[in-house]
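Chemist: Every letter in the sequence shown is one number past the one before it in the UniProt record's numbering, and letter 383, counting from 1, is 383.
Pasting a structure below so you can have a look.
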Amino acid sequence: MIKNETNRYHPMAMLHDYIHLLKTSVPLFFLFFVLKADSSTWLFTYGRYVLPAGVIFSALYIPVKWYSQTYEILPSSINMSSRLFTTSTRTIPYSKIQQVKRKTTWVHRLIGMTSLTLETSAEGREGTVTFDVLRPSEALSIEQRVQKEKPDPEFETFKGEAVEETSPGDTSPQEEIERMEPEEPASPLESRNTGEKTIHFKPMKVDILKASLVSLSFLAVLPLAGSWLSKAEDLHFENQVNGLFEHILSSVWTITGTLAFLAAAGVMVGIVRTYKKYGRFELASTAERILLTKGAWEQDYLSVEKENVQAVLIEQSLMKRLLGLASLKLVISGENEGEEEVTSLYPFLPVKRAYSLVRNMLPEYRVLKNMDKLPRQALYFRLFRPSWLWMVVTTGLYIFKPAPFHIDLPWWVFSSVLLVIIILSRIQGYLHTRFQMDDTFIQTQTGGFTKTLYLSKRSKVIEVEVSRDYFQQKSGLASLTLINRASPVRETTVEDVPAAFAERLKVWYTCKGHKERAS
1 MIKNETNRYH PMAMLHDYIH LLKTSVPLFF LFFVLKADSS TWLFTYGRYV LPAGVIFSAL
61 YIPVKWYSQT YEILPSSINM SSRLFTTSTR TIPYSKIQQV KRKTTWVHRL IGMTSLTLET
121 SAEGREGTVT FDVLRPSEAL SIEQRVQKEK PDPEFETFKG EAVEETSPGD TSPQEEIERM
181 EPEEPASPLE SRNTGEKTIH FKPMKVDILK ASLVSLSFLA VLPLAGSWLS KAEDLHFENQ
241 VNGLFEHILS SVWTITGTLA FLAAAGVMVG IVRTYKKYGR FELASTAERI LLTKGAWEQD
301 YLSVEKENVQ AVLIEQSLMK RLLGLASLKL VISGENEGEE EVTSLYPFLP VKRAYSLVRN
361 MLPEYRVLKN MDKLPRQALY FRLFRPSWLW MVVTTGLYIF KPAPFHIDLP WWVFSSVLLV
421 IIILSRIQGY LHTRFQMDDT FIQTQTGGFT KTLYLSKRSK VIEVEVSRDY FQQKSGLASL
481 TLINRASPVR ETTVEDVPAA FAERLKVWYT CKGHKERAS
């Protein structure tokens, strides 16, 4: 438990910093003193003096930094102080904190600690408060204060152990959003109440296996193999590498065995990478927050206020469309600059489950049915719109006449293939584009070979832009852009909607301003 007094960071913070210094300096020492030991260039010559001096200075600075930095947990705010060369103090009210993140790396597990990050709406480093090393009980206590909840002694011990995996059942028989049927009661295996927390989704082992195949993580073995071969050549093992290739290519059996080994290794690498990221995954919520926990060895925890959710995204790549999977994402306000503007909840959900999770976790959001299609003239407009990509590529093919992968074909064949792909993508985009709105919500669906559904409230849209070029004016079409608060702002564009819908959208959004002024 943290008392309302000035606290110095845990002494293990120094060990954490030393381990981090060791991780970053060892590869540099190996490069400067082993791989490039005989190099006489100025970079490596002077670097052999600068690198040890920098490491020694950093090692001496770590305890000084630890001693000079303190923090104070108050009933309504957090004070951060630094007294090294100058004295500086930051005050962060709990009311300004929008996200709570907790990360437990292997280093934290080694020393029995965790890290805590509190994010506010401010941009840059000033918008983030980071505790690199905390006791799990202290991290939970701070989080409970942020959430204005009384600390519960039952949760004073960090629960990082795996929980039993259950098989979540599908709760909605819908295939597409325009043919959604009434929601069925949630299965007790899918949504379970744990006190005030409701667990919505926990993947089974078969879900992890499916996710590893869909994510194509098994292809990571190819760059790894290339990196190993490159390092072998740097260490002057060219003859051994060439001899290995000659042996592999000497017979059909060795080629087949090598390919089988690489395929098996790729699948294993994909499973390990996916389990490392999504093992012990848990998606839950309370009345006010969405709680996300993931990671088998390095555990990440995210707590987001539902009020800060600006929009919901359901995305499908081409492979996910073929397998009936989708990625559920949330656009969150107050995210830090340099990070993704959206938070991915789980990228390998069945489509039905993704829609049911939106209803279960965000009951204030409602997925709209019977979305409108684009008019027929939008298809003609898209097909006859010039493609600058095709023009540039065709010009390059005509001038240089390349033969990619040693395929000796006329340049116009490659140009024709690209043109067919562009036409098919535009037809798919026309078929997938949908739009709908009611008094509260705006919902769009866009994409070519991929597909993205966007859902937001009128109160969460900070700007609406409607544009019409000359040809759209003649065709009765318009393009609209919806902007949500994020860092950077999230823009969603839908092209070639009917001009009448664009006018309705402007009236719909103007009513928001009238209501806000009236309130």
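C-beta: ideal position from N, C-alpha, C; glycine also.
Since the structure is predicted, the reported quantities are computational estimates derived from the model, not experimental observations.
1. To the nearest angstrom, report how far apart Thr492 and Val466 are at their CA atoms.
2. Do Thr433 and Gln445 have their beta-carbon atoms positioned less than 8 Å apart in this structure?
3. My output table needs one value for Asn370: the three-state DSSP class, helix, strand or coil.
4. Decide if Lys474 is buried, meaning its Cβ has at least 16 other Cβ atoms within 10 Å, or exposed.
5. Could you tell me the alpha carbon to alpha carbon distance between Gly266 and Thr256, rounded to whole angstroms?
6. Helix, strand or coil for Phe441? Go by DSSP, reduced to three states.
7. Alpha carbons only, please: which of Ala264, Trp297, Val272 and Val304 is nearest the one belonging to Leu283?
8. Given that a residue counts as buried once 16 or more other Cβ atoms are within 10 Å of its Cβ, and exposed if not, what is Lys294?
9. Counting Cβ pairs closer than 8 Å, one from the segment 367-383 and one from the segment 344-351, do we hit at least three?
10. Check whether the segment 126-138 touches the segment 7-16, counting contact only when three or more Cβ pairs, one atom from each stretch, lie closer than 8 Å.
11. Mind pulling the beta strand (DSSP E) runs of 3 or more residues that sit fully within the UniProt domain "YdbS-like PH" (430-508)?
12. Helix, strand or coil: which one does DSSP assign to Glu282?
13. Excluding five sequence neighbours on each side, which residues of the same chain lie with their C-beta closer than 6 Å to the C-beta of Ser387?
14. According to DSSP, simplified to helix, strand and coil, what is Ile407?
15. Measure the beta-carbon distance from Glu298 to Trp106 and round it to whole angstroms, keeping in mind my assumption that it falls under 8 Å.
16. Assuming Val309 and Ala486 make a contact with CB atoms under 8 Å, what is their CB distance in whole Å?
17. To the nearest angstrom, report how far apart Ala403 and Phe414 are at their CA atoms.
18. Three-state secondary structure (DSSP) at Leu22?
19. Could you compute how far the alpha carbon of Thr117 sits from the alpha carbon of Thr91?
20. Helix, strand or coil: which one does DSSP assign to Leu357?
21. When burial is assigned at 16 or more other CB atoms within 10 Å of the CB, is Phe435 buried or exposed?
22. What is the rounded straight-line gap between the Cα of Tyr61 and the Cα of Val34?
23. For Ser479 and Lys373, I'd like the C-alpha separation in whole angstroms.
24. Along the chain, where does the alpha helix (DSSP H) that runs through Ala311 open and close?
25. Cβ-heavy atom distance between Thr70 and the ligand NAD below 7 Å?
26. If you follow the beta strand (DSSP E) that Ser333 is in, where does it begin and where does it stop?
27. If you draw a straight line from the alpha carbon of Asn484 to that of Glu72, how long is it in whole angstroms?
28. Using the three-state DSSP reduction, which class does Ser416 fall into: helix, strand or coil?
29. Identify every residue that forms a DSSP beta bridge with Gln98.
30. Would you check if the distance between the CB atom of Ile271 and the CB atom of Leu209 is smaller than 8 Å?
31. In chain order, which continuous runs of the alpha helix (DSSP H) of length 4 or greater are located wholly inside the segment 55-109?
32. Would a C-beta distance cut-off of 8 Å place Ala500 and Leu477 closer than the cut-off?
33. Would you be able to state if there are at least three C-beta pairs under 8 Å between the segment 311-318 and the segment 452-469?
34. Relative to the C-alpha of Arg490, which candidate in Ala502, Trp508 and Ile462 has its C-alpha closest?
35. Compute the beta-carbon to beta-carbon distance between Leu328 and Tyr346, rounded to the nearest angstrom, for a pair I have assumed lies under 8 Å.
36. Apply the 10 Å Cβ neighbour rule to Asp469 and answer buried if 16 or more other Cβ atoms are within range, or exposed otherwise.
Modeler: For this structure:
1. 12 Å
2. yes
3. coil
4. exposed
5. 15 Å
6. strand
7. Val304
8. buried
9. no
10. yes
11. 434-437, 441-446, 451-457, 461-467, 477-484 and 490-498
12. strand
13. Ile422
14. coil
15. 6 Å
16. That belief does not hold up - the Cβ atoms of Val309 and Ala486 are roughly 11 Å apart, past 8 Å.
17. 10 Å
18. helix
19. 15 Å
20. helix
21. buried
22. 27 Å
23. 14 Å
24. Here Ala311 belongs to no alpha helix (DSSP H); instead the beta strand (DSSP E) covers Val309 to Gln316.
25. Looking for the ligand NAD in the displayed structure turns up nothing, as the structure carries no ligands at all.
26. Careful: Ser333 lies outside any beta strand (DSSP E) and carries neither H nor E.
27. 35 Å
28. helix
29. Answer is none; Gln98 lacks a bridge partner.
30. yes
31. none
32. no
33. yes
34. Ile462
35. 6 Å
36. exposed
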